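Have a look at the structure below before the remarks.
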Amino acid sequence: MKDKIRTGLASYGMSGRIFHAPFLEANQNYILKTVLERTPKGSKEKYPFVNIVTSYEELLSDKNIDLIVVNTPDHTHYELAKNALNAGKHVIVEKPFVVEYSDGEELIKIAEEKNLVLSVFQNRRWDGDFLTVKKVIEDGLLGRLVEYEAHFDRYRNFINKNTWKEEEGKGTGVLYNLGSHLIDQALVLFGLPELVNANIRTFRAGGKVNDYFDIRFEYPNFRVILKSSYLVREPGPAYILNGTNGSFVKYGTDPQEEMLNKGVRPVGEKWAKERENFWGLLNTSINGKDVRERIKTLQGNYNKFYNNVYKAIMGDEELAVKPGEALDVIKIIEMAIKSNRERRGTRNP
31 MKDKIRTGLA SYGMSGRIFH APFLEANQNY ILKTVLERTP KGSKEKYPFV NIVTSYEELL
91 SDKNIDLIVV NTPDHTHYEL AKNALNAGKH VIVEKPFVVE YSDGEELIKI AEEKNLVLSV
151 FQNRRWDGDF LTVKKVIEDG LLGRLVEYEA HFDRYRNFIN KNTWKEEEGK GTGVLYNLGS
211 HLIDQALVLF GLPELVNANI RTFRAGGKVN DYFDIRFEYP NFRVILKSSY LVREPGPAYI
271 LNGTNGSFVK YGTDPQEEML NKGVRPVGEK WAKERENFWG LLNTSINGKD VRERIKTLQG
331 NYNKFYNNVY KAIMGDEELA VKPGEALDVI KIIEMAIKSN RERRGTRNP
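Going by my numbering, the sequence shown opens with residue 31, and the numbers climb by one from there.
The following block contains the structure:
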């Protein structure tokens, strides 16, 4: 294999346009070689050097492609990732990894047997606010943590027409979509919980998919609260952490998605720096002294995901997002669905 990873992008919808193509183009370790567009969506105008194909089979048959990014509708992830692995390609799958736990197990087995890299785009691990929360916890600034609450809310009081995300089916809805991020972050920090309690609803008139969830993870002497809703017009804190010595509260969201939406190229020292008015507030006691101050938000960068995948393919570094970790997210989602259906907690076996 050459030093640069020649990459095929399986879709140029919102995910491809915003979250994948800009980083593949800007990262010196990759060549954005081919984009699949069944109908023109503008990738050639943005990236004149790319090759356009109109079928997934053309991506698979191109022997000059090393890596395929499967960023298609969620229910297609399993089949397309399986086909790519069987064609000898390394694979990045957009979150959620799969919609059935057993499908993820099979993909992991195939990747291991073929000695291929398989990872999942859990990019929110590289949000600046999450990195800051992680450091606050690791530095013990709150004493013993007793409660962690995270929100990923939006305001969309209407039903988007002509999108699979609003159609009833396995893997659709806010739980698989935004829930994949919140759950992954919690598992990175705390590991698998003992018990999961979930309330999952559809509140928008005419809605066919869930647009609200409230999930509780139970650990010994500690709990996690994860919430998301499409009907939050006035955002509250994104993170609320409470410990025996103090609290940390963080408003706002990482600026990377907004910048990418505006077409800002993800390079340079100023990339994704958060404005000071969004820095989190720490109110705690350290060595017997009361401290109430703003904590500078660490700089996020989704490019670190792609740097890690490159090094993993080259054999120089372990994967940061292991497929087994992404599969744990699906396990928790399935536990949450069971808890909501049975109206009781679901215990981790």
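We put the CB at the ideal spot given by N, CA and C, even for glycine. Being a predicted model, the structure only gives us computed values, none of them experimental.
Straight-line gap, residue i to residue j (C-alpha atoms, nearest Å)
i, j, result
"M31", "A117", "Note on M31: pLDDT 48, under 50, position unreliable in the model; no value is reported."
"L19", "R174", "No answer is possible for residue 19: it lies beyond the span of the chain, which begins at 31 and ends at 379."
"D104", "G209", "13 angstroms"
"L271", "G203", "27 angstroms"
"N337", "R68", "29 angstroms"
"I98", "A114", "7 angstroms"
"P126", "D169", "30 angstroms"
"V150", "E364", "18 angstroms"
"R373", "F220", "24 angstroms"
"G43", "E87", "19 angstroms"
"E299", "F53", "15 angstroms"
"N454", "K165", "Given that the chain is displayed from residue 31 to residue 379, the structure contains no residue 454 and the question cannot be resolved."
"K368", "V123", "25 angstroms"
Continuous alpha helix (DSSP H) stretch holding residue i: start and end
i, result
"A356", "353-372"
"Y269", "Run containing Y269: none in the alpha helix (DSSP H); it sits in the beta strand (DSSP E), 269-273."
"K144", "131-144"
"V218", "209-220"
"L328", "Per DSSP, L328 belongs to no alpha helix (DSSP H) and is neither H nor E."
"F278", "No alpha helix (DSSP H) holds F278; the beta strand (DSSP E) holding it covers 277-280."
"S259", "Segment 252-259 is the beta strand (DSSP E) holding S259; no alpha helix (DSSP H) there."
"I98", "That residue, I98, is in no alpha helix (DSSP H); its beta strand (DSSP E) goes 97-100."
"Y108", "107-116"
"D159", "158-168"
"L90", "86-91"
"E198", "Taken as a continuous stretch (DSSP letters only), E198 belongs to no alpha helix (DSSP H), as it is neither H nor E."
"N291", "286-291"
"A51", "51-56"
Which listed residue (the options) has its alpha carbon closest to that of residue i
i, options, result
"V262", "G237, I98, D241, V129", "D241"
"I325", "V83, N337, T162", "T162"
"P223", "G43, K76, A366, S41", "A366"
"I35", "I343, F49, G266", "I343"
"G354", "I245, E136, V83", "E136"
"Y60", "N94, R186, Y86", "N94"
"R246", "T376, V100, T37", "T376"
"D391", "Y42, E75, L89, H120", "With the chain running from 31 to 379 in the structure shown, residue 391 is simply not present."
"Y332", "A56, G38, T37", "A56"
"N145", "G345, A350, K368", "G345"
"E348", "V297, F53, V147", "V147"
"E143", "G266, V176, K112, D92", "K112"
C-beta contact flag for residue i and residue j at 9 angstroms
i, j, result
"T327", "K280", "yes"
"Q286", "G236", "no"
"F278", "L357", "no"
"T283", "A268", "yes"
"I138", "N291", "no"
"G158", "E304", "yes"
"I255", "Y178", "yes"
"E75", "I360", "no"
"A40", "Y77", "no"
"V218", "N378", "no"
"F252", "Q215", "no"
"G276", "V339", "no"
"K334", "W156", "yes"
Contacting residues, own chain, Cβ-Cβ under 7 angstroms from residue i (five flanking each side not counted)
i, result
"F182", "L208, H211, L212, S258"
"N81", "K63, T64"
"V83", "T64, L66, L89"
"K238", "E196, E197, E198"
"N190", "E196"
Start-to-end residues for the beta strand (DSSP E) that takes in residue i
i, result
"A228", "225-231"
"N81", "81-83"
Residues of its chain near residue i, where Cβ-Cβ distance is below 6 angstroms and the 5 sequence neighbours each way are ignored
i, result
"Y108", "V128, D133"
"G46", "L39, N101"
"Q152", "K125, D214, V351"
Same chain only: Cβ atoms within 8 angstroms of residue i, ignoring 5 sequence neighbours per side
i, result
"Y185", "Y260, L261, V262, R263"
"G289", "At residue 289 the sequence reads Met, which differs from the Gly that was named. So the list reads P296, W301, A302, once near-sequence residues are dropped."
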